[in-house]
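Trainee:
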Ligand SMILES: C[S@@+](CC[C@H](N)C(=O)[O-])C[C@H]1O[C@@H](n2cnc3c(N)ncnc32)[C@H](O)[C@@H]1O
C-alpha cells in the first residue's frame, strides 16, 4: 500500500458530515452576527479607557450577549472534537487504517524521532484547544489536529495563511536555511520551503504523531531534499551553531510558558548565523478594552492558558537580552485583505535580527 495525503484524511459518514456542518454554520453565526451585536452593546459600556480595564471586563461579563458569545466559543469547540460525531470519534472509528498508513515508510533521512524525549511541563499539563490528550501520545494526534484544522468552523489557521506569512517574511529577502519550530503536521514548514528554489527547511516539534504525518505530506508535496522533520524541543535543538538564516514559528509562542519563550529566544540566537532573522506569527492583545477582553476570554475558553503569558511578557526586552537587534511587532492580516467585520484573533508578526 502506498500512502498519499488522502490516506490520512478520515472519511466522515453522513451523520458526522452533517454534525460538523452544523457546527461550522453555527460558528459563522457566532463570529458574524452574534459578535457584531456583542460589539455594539459593548461599545455603549462605560470604562472604555485602558486604565479602567478591570471595571470594563466586569461589566462586559454581565451582558447576556457576551455570555452567549463565550458559551458558544467554548462549547462549539468541545463539540467539534469530542461530540457524538466529533473529530475524535471519527478518527477512532478508522484507527486501524489510519495507523497503517502512518506506519508506511518515508524517504530515508526525512524523519528523525526521539520518542523517549522529555516533554516540558507546560506541554504535559494542557490539552490545547480542547484536543483530548493534546498532541502528546496518540500516534493519530497529528491526524486529529489536521482534520480539526480543516473541519468546518476551524477558528484559526485558514487555508492560505501559511503561504501569506511565508511570502510576507521573504518579501524583501530570501532565506535558504530555515528552521520551523513547532511545525505541527508541516503546513508552516512547507510554506517556507516553497519560498525559493534553494530553500531547505527543517521542521521540529515535540509531537511524534504530528511529525510522522508531516513527513508523509512533505514527501508527497516537496521531497526530502526540501524538507526534513526532527523531534526536538525548540528550547534545545540538536543542530549546530549558526546553521540557519531564518528561525520561524507559526502559532507557537502563545502555547509556551514565559520561561520557554525566553529559552527558545536564546536558542534561536545560537542557531542563527550573524545577520540571520527570527520571524514568529502569533497573537498579542490590542489596547482596546473590548478586543483585549475577547483575547483573554479566548485564552480561557479555548484552553490556551499561556496566551496570557505571551501578553504579559515584554518581548522587545527579552529579544534584546538574548542579543537581537531590529526588533519589530506588527499587525498581520491573515486573510489577505478579506478581514470583514467579524471576530478574528489579533495576529502579529514578531521579527528580530542577529547582528553581523
Ligand atoms: C498551534 S500548533 C502550530 C503548528 C504549525 N506551526 C501550524 O501552523 O500549523 C503548535 C505546535 O507547537 C508544538 N510545540 C509546542 N511546544 C513546543 C516546543 N517546546 N518545541 C517544539 N514544538 C513545540 C506543538 O506540538 C504543536 O504542534
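In this note's numbering, the protein residues as written are -8 to 347.
Just so it is clear, CB atoms sit at the ideal spot from N, CA and C, and this is done for glycine as well.
Predicted model, so just to flag it, every value in this text is computed and none were measured.
From which residue to which residue does the beta strand (DSSP E) around residue 319 run?
Mentor: 316 to 322
Trainee: If we ignore side chains and look at the alpha-carbon of each, how far apart do residue 212 and residue 267 end up?
Mentor: Taking the straight line from one Cα to the other gives about 27 Å.
Trainee: Tell me whether the segment 167 to 181 and the segment 207 to 221 touch, counting them as touching only if at least three CB pairs, one residue from each stretch, are closer than 8 Å.
Mentor: Cβ pair count under 8 Å is three or more, so yes.
Trainee: I need the straight-line Cα distance from residue 299 to residue 50, nearest angstrom please.
Mentor: Residue 299 and residue 50 have their alpha carbons spaced roughly 21 Å apart.
Trainee: Using the Cα positions of residue 373 and residue 204, report the straight-line distance between them to the nearest angstrom.
Mentor: Residue 373 cannot be examined here, being either before or after the span of the chain that is shown, -8 to 347.
Trainee: In terms of alpha-carbon separation, which member of 287, 282, 257 lies closest to residue 29?
Mentor: 282
Trainee: Can you give me the Cβ contacts of residue 157 inside the same chain, cut-off strictly under 6 Å, excluding the 5 residues immediately before and after it?
Mentor: Exclusion of the five residues before and after residue 157 leaves 182, 183, 186 as the residues of its chain whose Cβ lies within less than 6 Å of its Cβ.
Trainee: Rounded to a whole number of angstroms, what is the C-alpha to C-alpha distance between residue 108 and residue 342?
Mentor: 29 Å
Trainee: Less than 7 Å between C-beta atoms, sequence neighbours within five positions excluded: which residues of the same chain meet that for residue 144?
Mentor: For residue 144, the pLDDT reaches just 47, beneath the cut-off of 50, and the residue's location in the model is therefore unreliable, although a value from the coordinates is still provided. Contacts found: 14, 15, 18, 67, 71.
Trainee: Distance cutoff 7 Å, beta carbons only. Does residue 19 sit that close to anything in chain D?
Mentor: Going by chain labels, chain D is absent from the structure shown, which holds only one protein chain.
Trainee: Take the Cβ of residue 90 as the centre, count every other Cβ of all protein chains shown within 10 Å, and call the residue buried at 16 or more, exposed below.
Mentor: exposed
Trainee: Tell whether a beta-carbon distance below 7 Å holds between residue 292 and residue 61.
Mentor: yes
Trainee: Would you check if there are 3 or more beta carbon pairs closer than 8 Å linking the segment 225 to 242 to the segment 257 to 265?
Mentor: yes
Trainee: Between residue 84 and residue 31, what straight-line distance do the alpha-carbon atoms span, to the nearest angstrom?
Mentor: If you take the alpha carbons of residue 84 and residue 31, they lie about 44 Å apart.
Trainee: Out of 287, 207, 319, 242, point me to the one whose CA is closest to residue 45's CA.
Mentor: Comparing Cα-Cα distances from residue 45 to each of 287, 207, 319, 242, the minimum goes to 287.
Trainee: Going by DSSP in three states, residue 131 sits in which element: helix, strand or coil?
Mentor: coil
Trainee: Cα-Cα, which of 334, 69, 340, 248 is closest to residue 271?
Mentor: 340
Trainee: Identify the continuous alpha helix (DSSP H) that holds residue 271 and give its terminal residues.
Mentor: Careful: residue 271 lies outside any alpha helix (DSSP H), inside the beta strand (DSSP E) at 263 to 274.
Trainee: Looking at the secondary structure, which residues open and close the beta strand (DSSP E) in which residue -2 lies?
Mentor: Neither: residue -2 is in no beta strand (DSSP E) and is coded neither H nor E.
Trainee: Just to confirm my understanding: we take residue 280, look at its own chain, exclude 5 residues before and 5 after, and list those with CB closer than 7 Å. What are they?
Mentor: Hits under 7 Å: 39, 41, 44, 47.
Trainee: Taking the Cβ atom as the reference point for each residue, do residue 208 and residue 274 lie within a distance shorter than 7 Å?
Mentor: With respect to the 7 Å criterion, residue 208 and residue 274 are not classified as neighbours on the basis of their beta carbons.
Trainee: I'd like to confirm something about residue 186: is its beta-carbon nearer than 6 Å to some heavy atom of ligand 1, or not?
Mentor: Result no, Cβ not under 6 Å from ligand 1.
Trainee: Quick check on residue 342: does DSSP put it in helix, strand or coil?
Mentor: strand
Trainee: What's the gap between the Cα of residue 188 and the Cα of residue 81?
Mentor: 39 Å
Trainee: To the nearest angstrom, how far is it from the Cα of residue 166 to the Cα of residue 190?
Mentor: Residue 166 and residue 190 have their C-alpha atoms spaced approximately 6 Å apart.
Trainee: Determine the burial state of residue 175: buried for a count of at least 16 other Cβ atoms within 10 Å of its Cβ, exposed for fewer.
Mentor: buried
Trainee: Residue 297 and residue 246: beta carbons closer than 7 Å?
Mentor: yes
Trainee: Taking the continuous beta strand (DSSP E) assigned at residue 169, which residues delimit it?
Mentor: 168 to 172
Trainee: Pick out whichever of 121, 138, 75 has its Cα sitting closest to the Cα of residue -2.
Mentor: Among 121, 138, 75, the Cα nearest to that of residue -2 is on 138.
Trainee: Contact defined as beta carbons within less than 8 Å: I believe residue 127 pairs with residue 198. What is the distance between those atoms, to the nearest angstrom?
Mentor: 7 Å
Trainee: Please classify residue 345 as buried or exposed, where buried requires at least 16 other C-beta atoms within 10 Å of its C-beta.
Mentor: buried
Trainee: Decide if residue 146 is buried, meaning its Cβ has at least 16 other Cβ atoms within 10 Å, or exposed.
Mentor: Interpretation of residue 146 is limited by its pLDDT of 43, a score under 50 that renders its predicted location unreliable; no figure is taken from the coordinates.
Trainee: Excluding the 5 residues preceding and the 5 following residue 161 in the sequence, name in chain order all residues of the same chain whose CB lies nearer than 6 Å to its CB.
Mentor: 186.
Trainee: Residues bridged to residue 220 by DSSP?
Mentor: 102, 194
Trainee: Say the cut is 6 Å; is the CB of residue 69 nearer than that to a heavy atom of ligand 1?
Mentor: no
Trainee: With DSSP run on the structure shown, which of helix, strand or coil describes residue 237?
Mentor: strand
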